[in-house]
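A quick write-up on the structure given underneath.
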Amino acid sequence: MKDKYWIALSSIEQINSTFILELYNHFQDIERAFWATYDDLKKIENLSTKKAEQFLNLRNKVDREKVYDYVANNGINYLTFESENYPKLLKEIDNPPAVLYVKGDLNSCNLDKTIAVVGSRKASFNGKEALKLILSGLANTDVCIVSGLASGIDTTAHYSAIENNLKTIGVIAGGFDYIYPESNRELYKIIENGSGAILSEYYPTFEPLKFRFPERNRIVTGLSYGTLVAEAAIKSGALISANLTLEQGRELMCIPGLITNPNTKGIYKLIKDGATIITEANDILNALNWEIKQPEQQKLPLTDLDLTQDEAKILDSLEVEDKGFDTIQSETKIKTEDLLTCLTTMELKGIIKQVNGDRYQKA
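Using our numbering, you'd call the opening residue of the sequence shown number 315 and step up by one each time.
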């Protein structure tokens with residue numbers, strides 16, 4: 315079974331996908347590559363004696379059956395580089411992963427309409443809300459959102475996809491034995507259990523070490539027809555992903571933000587360099603030249619929402635932007651006790667929601 319040789323090579327922590335595929339491309343057979351002798355390895359151009367000897371030493375210590383069984387017994391699926399269902403876009407990049415470990419249902423994700431979303435881990439409230447608004451415009455379509463399952467923008471992207479009935483793919487920077495960040499444990503479960511798939515190029519026991527995050531980024535962008543950047547400082551992982559997007563010949567898109575936010579400095583640099591500005595979902599569709607049938611948006615009239623006169627005033631006050639209690643009261647002239655009651659009732663009805671402390675916005 316050829317797959318066991320792919321898994322065995324992938325389980326060697328001291329070598330990477332680039333080296334595995336170098337062996338595969340030279341020998342044109344993964345089993346032959348695994349059992350290569352020193353004389354065989356010497357024929358590979360630019361492969362040093364030291365690296366050849368190191369590989370043979372590491373190879374001889376691998377228990378193929380044991381490492382394969384560990385994957386199978388932990389409910390982890392996989393795709394090797396020569397698997398029929400290996401994502402075609404990933405094969406186009408310079409250094410594709412040799413093996414993709416999978417949890418969830420990758421087959422449910424439309425790999426012909428994938429958008430990567432990247433951005434700051436310390437994203438602002440405005441940045442997250444802008445991303446939510448844009449992704450809501452893709453609701454109930456077959457677009458798939460790809461991100462890195464990190465905190466901040468990544469987390470917002472995944473949850474927004476799920477809330478809008480979109481499939482989502484999370485690409486992690488370690489093996490499946492680790493969940494990082496721990497705060498996203500529940501998000502991992504939701505994605506695995508029907509909302510998409512989680513992918514990793516790393517054998518399950520590999521830790522999410524610092525250098526693996528930039529490596530992970532090439533898979534996030536490599537799986538996607540375009541990358542949407544939502545907040546990025548000048549020196550950030552999001553800027554690395556933006557550069558990877560351009561190197562891979564994919565569409566680079568940016569959400570503009572407040573110029574006073576340090577996390578938008580990278581955004582405006584990318585925009586000045588030619589990235590497409592995105593302020594609504596249709597901008598993404600136009601940039602990627604996609605035609606998607608949008609579901610009809612049915613906006614219920616106020617009477618159908620069964621609003622009282624005071625509740626209608628509040629909703630009208632929140633039509634454009636979120637506001638604090640004092641501002642709402644000033645605009646609606648509703649007494650304090652009545653306003654508190656209305657706001658609570660409207661929250662319970664799901665008409666408005668409380669955000670950023672004591673501010674309210676339309677749900």
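Every residue gets a Cβ at the ideal spot worked out from N, C-alpha and C, and that includes glycine.
When the Cα atoms are used, what is the spatial distance from G571 to C458?
For the purposes of this step, residue 571 is taken as residue 257 along the sequence shown, with counting starting at 1. For the purposes of this step, residue 458 is taken as residue 144 along the sequence shown, with counting starting at 1. Answer to the nearest angstrom: the Cα atoms are 24 Å apart.
Is it right to say W349 is buried, meaning 16 or more other beta carbons lie within 10 angstroms of its own, or is it exposed?
Position 35 of the sequence shown, counting from 1, holds the residue named residue 349. It counts as exposed.
Could you have a look at N409 and say whether DSSP puts it in helix, strand or coil?
If you number the sequence shown from 1, residue 409 lands on position 95. The answer is coil: DSSP assigns N409 none of H, G, I, E or B.
Quick one: what's A511 bridged to in DSSP?
Position 197 of the sequence shown, counted from the first residue, corresponds to residue 511. G418 and I483.
Quick check: the Cα distance between T622 and P518, rounded to an integer number of angstroms?
Within the sequence shown, numbered from 1, the residue matching residue 622 stands at position 308. Within the sequence shown, numbered from 1, the residue matching residue 518 stands at position 204. Near 56 Å, if we compare the C-alpha coordinates of P518 and T622.
On the three-pair Cβ rule with 8 Å, is the stretch 476 to 484 touching the stretch 454 to 468?
As far as the Cβ criterion goes, the stretch 476 to 484 touches the stretch 454 to 468, which means the pair count is three or higher.
Could you compute how far the alpha carbon of A412 sits from the alpha carbon of T535?
The residue given as residue 412 occupies position 98 in the sequence shown. The residue given as residue 535 occupies position 221 in the sequence shown. Their Cα atoms are separated by approximately 16 Å.
Return the bridge partner residues of V376 from the DSSP annotation.
Locating residue 376 in the sequence shown gives position 62, where the first residue counts as 1. Answer is none; V376 lacks a bridge partner.
Express the C-alpha separation of C568 and I592 in angstroms, rounding to a whole number.
Locating residue 592 in the sequence shown gives position 278, counting from the first residue. Locating residue 568 in the sequence shown gives position 254, counting from the first residue. Each residue's Cα considered, the two are about 6 Å apart.
Based on DSSP bridge pairs, tell me the residues matched to K667.
Numbered from its first residue, the sequence shown carries residue 667 at position 353. K667 pairs with Q675.
With distances taken Cα to Cα, identify the nearest neighbour of A322 among Y539, D383, C423 and F439.
For this step, residue 322 is matched to residue 8 along the sequence shown. Considering only alpha carbons, the answer is D383.
Once the 5 residues before and after A475 are set aside, which same chain residues still bring their CB inside 6 Å of it?
Your numbering for residue 475 matches position 161 in the sequence shown. Correct list, in chain order: I459 and T482.
In its own chain, which residues sit with a C-beta less than 6 Å from the C-beta of A544, not counting the 5 before and 5 after it?
Counting from one through the sequence shown, the residue named residue 544 turns up at place 230. Result list for A544: G433, G441, L445, I467 and I569, in chain order.
Pop quiz: I429 and G540 are said to be a contact at Cβ under 8 Å. What is the actual Cβ separation, rounded to whole angstroms?
Numbered from 1 along the sequence shown, position 115 holds the residue referred to as residue 429. Numbered from 1 along the sequence shown, position 226 holds the residue referred to as residue 540. With 8 Å as the limit, I429 and G540 qualify as a contact, their Cβ atoms being about 6 Å apart.
Just to confirm, are I606 and T455 a CB contact at a threshold of 8 Å?
Position 292 of the sequence shown, counted from the first residue, corresponds to residue 606. Position 141 of the sequence shown, counted from the first residue, corresponds to residue 455. The answer is yes: Cβ separation under 8 Å.
Identify the residues that DSSP records as bridge partners of E565: which are they?
Position 251 of the sequence shown holds residue 565. Beta-bridge pairing links E565 to G540.
Less than 8 Å separating the beta-carbons of G418 and E506?
Working through the sequence shown from its first residue, we reach residue 418 at position 104. Working through the sequence shown from its first residue, we reach residue 506 at position 192. Against a cut-off of 8 Å, the Cβ pair of E506 and G418 comes out as a contact.
At 3 residues or longer, what runs of the beta strand (DSSP E) sit wholly inside the stretch 454 to 508?
Taking only runs of at least 3 residues, the beta strand (DSSP E) segments lying wholly in the stretch 454 to 508 are 458 to 461 and 481 to 485.
Three or more C-beta pairs under 8 Å: does that hold for the stretch 621 to 636 against the stretch 651 to 658?
The stretch 621 to 636 vs the stretch 651 to 658: in contact.
Could you please give me the residues that DSSP links to Y392 through a beta bridge?
Counted from its first residue, the sequence shown places residue 392 at position 78. For Y392, which the question treats as bridged, DSSP gives the partners Y415.
Which residues in the same chain have their Cβ closer than 8 Å to the Cβ of D665, if we skip the five residues on either side of it in sequence?
Translated into the one-based positions of the sequence shown, residue 665 becomes position 351. The question names Asp, but residue 665 is Ile in the sequence shown. Excluding residues within five positions, the ones whose Cβ falls inside 8 Å are L619, L621, E625, L629, K676 and A677.
With DSSP run on the structure shown, which of helix, strand or coil describes T559?
Along the sequence shown, one-based indexing puts residue 559 at 245. Of the three classes helix, strand and coil, the one that applies to T559 here is helix, per DSSP.
Can you give me the C-alpha to C-alpha distance between N600 and E367, rounded to a whole angstrom?
Against the sequence shown, residue 600 aligns to sequence position 286. Against the sequence shown, residue 367 aligns to sequence position 53. Roughly 52 Å between the two C-alpha positions.
Rounded to whole angstroms, what's the CA-CA distance from N478 to N577? Just pull it up for me.
The residue you call residue 478 lines up with position 164 of the sequence shown. The residue you call residue 577 lines up with position 263 of the sequence shown. So the two alpha carbons sit approximately 26 Å from each other.
G551 and F527 look like a contact to me (Cβ under 8 Å); what is the Cβ gap, rounded to whole Å?
Reading the sequence shown from its first residue, position 237 is the one you call residue 551. Reading the sequence shown from its first residue, position 213 is the one you call residue 527. Yes, G551 and F527 are in contact; Cβ-Cβ is about 6 Å, under 8 Å.
Whole beta strand (DSSP E) runs in the stretch 323 to 384 with 3 or more residues, listed along the chain?
Within the stretch 323 to 384, no complete beta strand (DSSP E) run reaches 3 residues.
Buried or exposed: which applies to I512, given that a residue is buried once 16 or more other Cβ atoms fall within 10 Å of its Cβ?
Reading the sequence shown from its first residue, position 198 is the one you call residue 512. Counting Cβ neighbours within 10 Å, I512 comes out buried, since at least 16 surround it.
From the DSSP output, in three-state form, read off L657 for me.
Within the sequence shown, residue 657 is the residue found at index 343, counting from 1. Helix, per DSSP.
To the nearest angstrom, report how far apart N421 and E406 are at their CA atoms.
Within the sequence shown, numbered from 1, the residue matching residue 421 stands at position 107. Within the sequence shown, numbered from 1, the residue matching residue 406 stands at position 92. Straight-line Cα distance between these residues: approximately 20 Å.
Given this structure, state the Cα-to-Cα distance separating H472 from L501, to the nearest angstrom.
Against the sequence shown, residue 472 aligns to sequence position 158. Against the sequence shown, residue 501 aligns to sequence position 187. Distance between the alpha carbons of H472 and L501 is about 8 Å.
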